[in-house]
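Heads up, the thing below is written out as structure tokens.
4 protein chains.
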Amino acid sequence: MATKITEFEKPKLNNPIFIEGLPGVGNVGRIAAGYLTEELKTKKFAELYSSHFMPFVLLHQSSAVHVLKNELYYYKAKEKGQRDLIILIGDSQSVDPEGHYEIVEVLLDYLEKLGVKDLITLAGLSVGQPTESPKIIGAVSDPDVIEKYKKYGIDFEGGSKVGTIVGAAGLLLGLGRVRGMKGICLLGETVGFPIIPDPKSAEIMLKLLAKILNVKINTEKLQKKVKEMEDFIKKVEDVQRKTMAGIMRPPEKPEEKKEKLSYIG
Amino acid sequence: MATKITEFEKPKLNNPIFIEGLPGVGNVGRIAAGYLTEELKTKKFAELYSSHFMPFVLLHQSSAVHVLKNELYYYKAKEKGQRDLIILIGDSQSVDPEGHYEIVEVLLDYLEKLGVKDLITLAGLSVGQPTESPKIIGAVSDPDVIEKYKKYGIDFEGGSKVGTIVGAAGLLLGLGRVRGMKGICLLGETVGFPIIPDPKSAEIMLKLLAKILNVKINTEKLQKKVKEMEDFIKKVEDVQRKTMAGIMRPPEKPEEKKEKLSYIG
Amino acid sequence: MATKITEFEKPKLNNPIFIEGLPGVGNVGRIAAGYLTEELKTKKFAELYSSHFMPFVLLHQSSAVHVLKNELYYYKAKEKGQRDLIILIGDSQSVDPEGHYEIVEVLLDYLEKLGVKDLITLAGLSVGQPTESPKIIGAVSDPDVIEKYKKYGIDFEGGSKVGTIVGAAGLLLGLGRVRGMKGICLLGETVGFPIIPDPKSAEIMLKLLAKILNVKINTEKLQKKVKEMEDFIKKVEDVQRKTMAGIMRPPEKPEEKKEKLSYIG
Amino acid sequence: MATKITEFEKPKLNNPIFIEGLPGVGNVGRIAAGYLTEELKTKKFAELYSSHFMPFVLLHQSSAVHVLKNELYYYKAKEKGQRDLIILIGDSQSVDPEGHYEIVEVLLDYLEKLGVKDLITLAGLSVGQPTESPKIIGAVSDPDVIEKYKKYGIDFEGGSKVGTIVGAAGLLLGLGRVRGMKGICLLGETVGFPIIPDPKSAEIMLKLLAKILNVKINTEKLQKKVKEMEDFIKKVEDVQRKTMAGIMRPPEKPEEKKEKLSYIG
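This is how it looks when you write it as structure tokens:
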């Protein structure tokens, strides 16, 4: 099946900004984008399924199954100084290297049709130890994008510290640029444990996003939301690890040469 | 070749229910669906081949080769209270993560054309130790499906116990739902050894299916059938493990740096 | 690029038999088919390239490069009792499980166009220890094929001994059958070391083929040919193992948690 | 997305020679081709992106992201005895075996349209120990190409020493040949550490190229360029290794049998 987008509604948007927050280190982007989606009362209009996600379903409390997916929400500007938004959140990124490219290209094809020219991607930056006040570091598609975001206190000297951005957050900027889109990746400093969400870094990210997007976000319920999310994320990671292990595990006793029985090539 | 369905006959079916029973933990679904296929005197009408199965053939006693495949059988309702059935059984599921998605999508495309709207998938649920009386746990595509199956004594409180359903049994429900199909996955509790079939759990599953489908099934020959099946399954698993091992095995002495001979990149 | 066939000449053949001899255990099929190709003064008419072969070229003595490929030769019947032949030989089989299916399907599509209805595939059967007089064991696409080949002294009781046939030799029969082709796989007993060619088993195979095809083959030069081939095969196997090792090798010290430098997800 | 070429300009070239210099052992080809590109004041006209490169972006000092890519430059002949050139350089080769074939086929399709009939590919030949004066060894698509390049002091007796050429440098010749292109692979002897660039071997390669192409190249700035390049290459290699490790790493404690919680197949 590769990767496909199922659309429920064709939203009419005016020069929308795209915001991505998928799982990653500290789940900083995922928490921030997910919370934004709820706080702004956005509407889901499309879902993305991919054979590059793990091949299982999760069970909700209600005994209903849940296929891994990414989701697209939209927000129509309500006040002056705001812009229409498209927000991408999801359960998973690709589990194989090639899939990252495929998913990002399917997304960019779709976003192009929706008139997207500006991208904001969210990620965590593992710094290896707890920080008192995590900073937000910026990476851009083009140097001139820095000018636009300079006033928000983003650290643009992180190039040497960062090195690389793995997955959708990086590829959306890099491959979006080939299509003439411009964007920024906001990287929230975090300890860097892959599974454990970092609500502190996510809160700082959220407050920055509120300023950039000119929206009001009440971060009071964030702690509670993160707790809920934590269980779900652990479940996904857990099975992913086990399934991978099953695939990668060598045979118990590969004493093939001693065996008398036949193996034909 | 990816995945393809070869059709022998185009059956005319009236609002058929689809039942899936492929290999998995304890082979509970496979045994139950396979036995159902024979007991109901169903007719094979299509076969599915996939490059996501292992690339070998097995040899029957007759010296004839057997490519790994899945098979589709149909049953025409004979009595009041019965419905037309399509049953899927097979030798193998995908051996790589992506293949599960591909095979399930090829199946759903085909089932959609045959007018399928209801799905029943069968699986084993590994509980880690022998149980006196294994239960059947239910997972559904949509919460309202529970209502329909509540009267059969299925355990719908298993959500926390289950966690995930790996492979076709889960994806058929999850991706079928995107197409408007509704369904249930019946999970038979079993010790959880992957290769060894669990006839006890399969028998309980069969009796439940007989009630749901309103058909009569004599489970007397089940023990004998399971014994026959066991040898075949062991053979498939065995070669699969060995072939995988061959692919994954590191070289015997990778002392590349010490070698004088040339390797060019 | 997947898999593609480059055709030099469109041969006009009358109900040709297809004979496959690719590398495998003991290289029994490869030696026999390769020698047959030379002895019968067949003509090469097509080549098959595939991204499922290893991504390197080999160097001939002449300093000219050699891409891994399979080759198709044809032979026009010259005497009564003979039939037109298509012979497939080659440097390599697929190095990944999926590729075996793809290559076999591309071949069968092509053979179907050339009017092929009968298949003979050649393989080695690893018996784990040297045999005084290796036997040829037969596996068939359909039980009724046994009748046709019974008179040649092939062992058709090998089903229990054989178990499985991995790769093209098995899949050609199994998937050819789905297209209405009939065939036999001839398995020459051999010690079972993958790299070392077994000329004894190949000679017995050749003599059997000569009888079946009603052609005369002088096996005198076989020892010399096998020696030449041995170096080439070793070279291919060697790099294949090393390249695989490079891909599969874990990093030297994955102490990711202790590192201070950043890795972003 | 597979592999795609984005073209900025459609250059009009007269029977151009194609020169390839991608990363590899000692980065001999990459350094030589990269330096040639700058010295000849060539113009970039196309970029190649592929899902067979690693799925991350690198950060430049300017905080701008950099997707892994290959780049195509052209040079118009300025003096008598020169020919138009197309030069391919890049950050990466395919990280999986299949990708090498795909990328090379996409390139050859494109080069065919640009009228390319002659290929020069550059690679390093690992000799395992430092050499006083590294030689350049030649491998050709066809034996008659040797005649053309004999006068430049290339070693054409290296066949036995070389064995194989892995990746684009080899496949471009081997698969180009199937399309009627002719070419040579120049292999610069180097110690053979994959990451560390070998400027000495690259300089000898550059001087040879200058003679063949009849262009003037000042190699004075080579040392400085190599130093700059070294940091970038190390960064790419580093993340590639870590990302691969993350994918390949087995689970920490696969005590699946002891677990009470459920895993369903």
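Protein chains in written order, with the numbering used here: chain V, 72 to 336; chain D, 72 to 336; chain R, 72 to 336; chain E, 72 to 336. Every residue gets a Cβ at the ideal spot worked out from N, C-alpha and C, and that includes glycine.
Assigned exposure category for residue i - 16 Cβ within 10 Å defines buried
i	result
P205 (chain R)	buried
D269 (chain R)	buried
K271 (chain D)	buried
F124 (chain E)	buried
L293 (chain D)	buried
T77 (chain D)	exposed
D162 (chain D)	buried
P87 (chain R)	buried
F89 (chain V)	buried
Y334 (chain E)	Annotation note: pLDDT 34 at Y334 (chain E) (below 50); position unreliable, coordinate value reported separately. The residue is buried, with at least 16 neighbouring Cβ atoms inside 10 Å.
G97 (chain E)	buried
S197 (chain E)	buried
G245 (chain V)	buried
Residue interval of the alpha helix (DSSP H) (run including residue i)
i	result
Y220 (chain E)	D215 to Y220
E338 (chain V)	There is simply no residue 338 (chain V) to check, as chain V begins at 72 and stops at 336 in what is shown.
E150 (chain D)	No alpha helix (DSSP H) holds E150 (chain D); DSSP gives it neither H nor E.
L159 (chain E)	Taken as a continuous stretch (DSSP letters only), L159 (chain E) belongs to no alpha helix (DSSP H), being part of the beta strand (DSSP E) at L156 to G161.
V96 (chain V)	From DSSP, V96 (chain V) is part of no alpha helix (DSSP H); its letter is neither H nor E.
L111 (chain V)	Looking at the DSSP string, L111 (chain V) is not in any alpha helix (DSSP H), and its letter there is neither H nor E.
I275 (chain V)	P270 to L284
V166 (chain E)	Neither: V166 (chain E) is in no alpha helix (DSSP H) and is coded neither H nor E.
Rounded straight-line distance, which links the Cα of residue j to that of residue i
i	j	result
G186 (chain E)	E80 (chain E)	16 Å
I236 (chain D)	L93 (chain D)	13 Å
G229 (chain D)	S134 (chain V)	7 Å
Q200 (chain R)	E118 (chain E)	55 Å
D167 (chain D)	P126 (chain V)	9 Å
V262 (chain E)	L277 (chain E)	18 Å
K83 (chain E)	K147 (chain E)	9 Å
V249 (chain D)	S122 (chain V)	15 Å
K114 (chain R)	Y144 (chain R)	5 Å
G209 (chain D)	E91 (chain E)	59 Å
I225 (chain V)	L257 (chain V)	8 Å
E171 (chain E)	L242 (chain E)	Note on identity: in this sequence residue 171 (chain E) is His, with Glu being the wrong assignment. Computed Cα separation, rounded: 8 Å.
G152 (chain R)	K253 (chain R)	19 Å
S165 (chain R)	A73 (chain R)	11 Å
I275 (chain V)	E218 (chain V)	21 Å
Min CB distance residue i to chain V below 8 Å
i	result
V175 (chain E)	no
D130 (chain E)	For the sequence presented, residue 130 (chain E) should be read as Leu rather than Asp. With 8 Å as the cut-off, L130 (chain E) counts as an interface residue toward chain V.
H137 (chain D)	no
V237 (chain D)	yes
Y120 (chain E)	yes
Beta carbon proximity, residue i to chain R, threshold 8 Å
i	result
M125 (chain D)	yes
S165 (chain D)	no
M276 (chain D)	no
Y181 (chain D)	no
G230 (chain E)	yes
A210 (chain E)	yes
Extent of the continuous beta strand (DSSP E) run through residue i
i	result
A117 (chain E)	K114 to S121
K253 (chain R)	K253 to T261
L143 (chain E)	N141 to Y146
K81 (chain E)	Where K81 (chain E) is concerned, there is no enclosing beta strand (DSSP E), given that its DSSP letter is neither H nor E.
V233 (chain R)	Looking at the DSSP string, V233 (chain R) is not in any beta strand (DSSP E); the run it does join, the alpha helix (DSSP H), is G230 to V233.
Minimum Cβ-Cβ distance from residue i to chain D less than 8 Å
i	result
K18 (chain V)	For residue 18 (chain V) there is no data in the structure shown, the boundaries of chain V being 72 and 336.
M72 (chain V)	yes
T192 (chain V)	no
L244 (chain R)	yes
Min CB distance residue i to chain E below 8 Å
i	result
F227 (chain V)	yes
A290 (chain R)	Just to set this straight, residue 290 (chain R) is Thr in the shown sequence, not Ala. No, T290 (chain R) does not count as interfacial toward chain E.
Closer than 7 Å: residue i CB and nearest the ligand FAD heavy atom
i	result
K282 (chain V)	Absence of the ligand FAD is noted for the structure shown, with no ligands found whatsoever.
Q.
If we require 3 or more residues per run, which beta strand (DSSP E) segments fall completely within the segment 172-222 of chain R?
A. 189-197 and 207-211
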